[in-house]
Amino acid sequence: MKADRADSCAKGAEMADSKRFEDGDAWVEIDVELCTAAGECVEICPADVYEIVDGKVTADRIGDCVECGACEGVCPTNALLKHWAW
Ligand code: SF4
Numbered sequence: 003m004k005a006d007r008a009d010s011c012a013k014g015a016e017m018a019d020s021k022r023f024e025d026g027d028a029w030v031e032i033d034v035e036l037c038t039a040a041g042e043c044v045e046i047c048p049a050d051v052y053e054i055v056d057g058k059v060t061a062d063r064i065g066d067c068v069e070c071g072a073c074e075g076v077c078p079t080n081a082l083l084k085h086w087a088w
């Protein structure tokens with residue numbers, strides 16, 4: 003059972019309500035249910051990684067991330083769950 007749980011934790015893309023965007027080594031996991039399209043991540047990211055599409059944030063340009071860390075903790079609903087740069 004321990005191996006099963008560890009295995010499932012490693013697969014962030016399969017977490018309930020989370021969506022993983024990745025490009026090469028860069029990745030971010032976002033809880034799309036928590037996202038209210040506040041746009042804080044869109045505003046603060048210098049690389050224009052984030053975009054609001056149909057009322058939810060996307061990170062299709064995660065490959066452009068410059069690892070500045072500015073998006074850490076910026077989301078008011080904590081929808082940015084995990085990010086490779088922080
Ligand atoms: S770490 Fe910086 S460049 Fe990368 S997604 Fe966050 S704000 Fe954008």
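In our numbering, the protein residues as written are 3 to 88. Beta carbons: idealized from backbone N, C-alpha and C, even for Gly.
Should residue i be counted as a contact of ligand 1 given a C-beta to heavy atom distance under 6 Å?
i	result
C70	yes
D67	At residue 67 the sequence reads Cys, which differs from the Asp that was named. Within the cutoff, so yes.
A49	yes
C37	no
Report the option in the options whose CA atom is closest to the CA atom of residue i.
i	options	result
N80	W86, T38 and G65	T38
S20	A61, V51 and V68	A61
Output the distance between the C-alpha atoms of residue i and residue j, rounded to the nearest integer angstrom.
i	j	result
C70	P48	8 Å
L82	D33	7 Å
A28	G57	24 Å
A40	I46	12 Å
V30	H85	4 Å
D25	C43	18 Å
G65	C73	15 Å
Could you pull the DSSP bridge partners for residue i from this structure?
i	result
R63	In the DSSP output, where bridge partners are listed per residue, R63 has none listed.
Hey, is residue i's beta-carbon within less than 7 Å of any beta-carbon in chain C?
i	result
V55	Protein chains in the displayed structure number just one, and chain C is not present.
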